[in-house]
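J.: Using the numbering used here, the first residue of the sequence shown is number 236, and each one after it goes up by one.
Once you've had a glance at the structure underneath, I'll fire off some questions.
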Amino acid sequence: MGKYEEALRVYSQLQSEGMEPDSFTFVGLFSSCSVSSTVAEGAQVHVHSVKFGLDSDVSVGNSIVNFYSKCGFTDSALEAFESINRPNSVCWAGIISGFAQNGEGEKALMQFCKMRKFIDKTDEFSSSSVIKAVSSWAAVEQGRHLHAHVMKSGLDCTIYVGSAVIDMYSKCGMVEDAQKVFSVMPEKNVVSWNSMITGYAQNGFCKEALLLFQEMTSSGILPTAVTFVGILFACSHAGLVEEGRNFYNLMVHNYGIPPSMEHCTCMVDLLGRAGYLEEAEAFLLSSSFSKEPESGGLFFLPVEFIRILMLALELLSTACF
Numbered sequence: 236m237g238k239y240e241e242a243l244r245v246y247s248q249l250q251s252e253g254m255e256p257d258s259f260t261f262v263g264l265f266s267s268c269s270v271s272s273t274v275a276e277g278a279q280v281h282v283h284s285v286k287f288g289l290d291s292d293v294s295v296g297n298s299i300v301n302f303y304s305k306c307g308f309t310d311s312a313l314e315a316f317e318s319i320n321r322p323n324s325v326c327w328a329g330i331i332s333g334f335a336q337n338g339e340g341e342k343a344l345m346q347f348c349k350m351r352k353f354i355d356k357t358d359e360f361s362s363s364s365v366i367k368a369v370s371s372w373a374a375v376e377q378g379r380h381l382h383a384h385v386m387k388s389g390l391d392c393t394i395y396v397g398s399a400v401i402d403m404y405s406k407c408g409m410v411e412d413a414q415k416v417f418s419v420m421p422e423k424n425v426v427s428w429n430s431m432i433t434g435y436a437q438n439g440f441c442k443e444a445l446l447l448f449q450e451m452t453s454s455g456i457l458p459t460a461v462t463f464v465g466i467l468f469a470c471s472h473a474g475l476v477e478e479g480r481n482f483y484n485l486m487v488h489n490y491g492i493p494p495s496m497e498h499c500t501c502m503v504d505l506l507g508r509a510g511y512l513e514e515a516e517a518f519l520l521s522s523s524f525s526k527e528p529e530s531g532g533l534f535f536l537p538v539e540f541i542r543i544l545m546l547a548l549e550l551l552s553t554a555c556f
């Protein structure tokens, strides 16, 4: 029995015993829905929360918003949010994050602007969420306004807001601004380092990305899978074949990080761009992503797709030379 089924069983038992549910009951139900159920099942729970007049409760309403957001139903999430009686900063952060995670940056920014009329001080979560949303559509002017706002609020020095600002400037092609933010951050974690490394890599500053990786590891920060996506991307676009091979082996053998689809794509791109087509094909065929599902591969790439990909790489290699 799954979490949702078990939660629903307990809920049904409460009703059969004549006990009315409270806010904790529905928060638990929506938490279970978010993990394992369909939108229809969650909507049924929503109807029950309305029936008992608990949908306007802050904790229940926030759970409903989070549920619909995770399912991609942002219109329903907004309706649920607007039913909440006096939403707090957590509720505002929830709806902003919901729009941001679903690629609706303009709506996330709109809610953030509304929030500032009702909430005196914005928090780290809502600020980082709306900055990420703005970065998804590379809105430079809005991004600068948000950066000024978080600086005024003193949030620009926090790890997650600072990292979001770095990511925003990088996606807008403003690497120098991203680097300035990174350099003045009083505290950095792996997210901050990854944001700057990725920013360098995506904007063609490949040497800087590799140097920053060395600085990061020298500082005692352990790289993650995300770190190596940025590094391999940098190697690919700079034509650093041997360095790319070395970094891939370092990731797998020294840090014990299993390669993802993104890592393998970067490696195939690196080898293909440099004209090592046979090695690229052998690498692709030997990776877990080319294996049949029952053999334990994480992702299945049909042989025909691999052939098409190799043809594309061959054309790319010819164009590069």
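The beta-carbon is built from N, C-alpha and C at its ideal position, and this holds for glycine as well.
Can you say whether V419 is buried or exposed, counting buried as having 16 or more other CB atoms within 10 angstroms of its CB?
T.: exposed
J.: C441 lies in the alpha helix (DSSP H); which residues open and close that run?
T.: 441–453
J.: So, with DSSP's three-state summary, where would you put D412?
T.: Looking at D412 - three-state DSSP - the assignment turns out to be helix.
J.: Confirm, please, whether the CB-CB distance from F334 to T309 is below 7 Å.
T.: yes
J.: Enumerate in chain order the residues of its own chain whose CB-to-CB distance from C441 is below 8 Å, with the five nearest sequence positions on each side excluded.
T.: Y435, A469, C470, H472, A473, L475
J.: Taking the straight line between their C-alpha atoms, what separation do you get for Y246 and C407?
T.: When rounded, the separation of the alpha-carbon atoms in Y246 and C407 is 49 Å.
J.: Using CA coordinates, which residue listed in H498, L313, S453 is at the minimum distance from M345?
T.: L313
J.: Just tell me which of S454, P494, I366, N438 has its CA closest to the CA of V461.
T.: Ranking S454, P494, I366, N438 by Cα distance to V461 puts P494 first.
J.: Assign Y303 to buried or exposed, taking buried as 16 or more other Cβ atoms, counted over all protein chains shown, within 10 Å of its Cβ.
T.: buried
J.: Taking only the alpha-carbon atoms, compute the straight-line gap between G296 and G338 and give it to the nearest angstrom.
T.: C-alpha separation (whole angstroms): 22 Å.
J.: Closest to V426 by CA distance: which of S284, E443, V400, Y490 is it?
T.: V400
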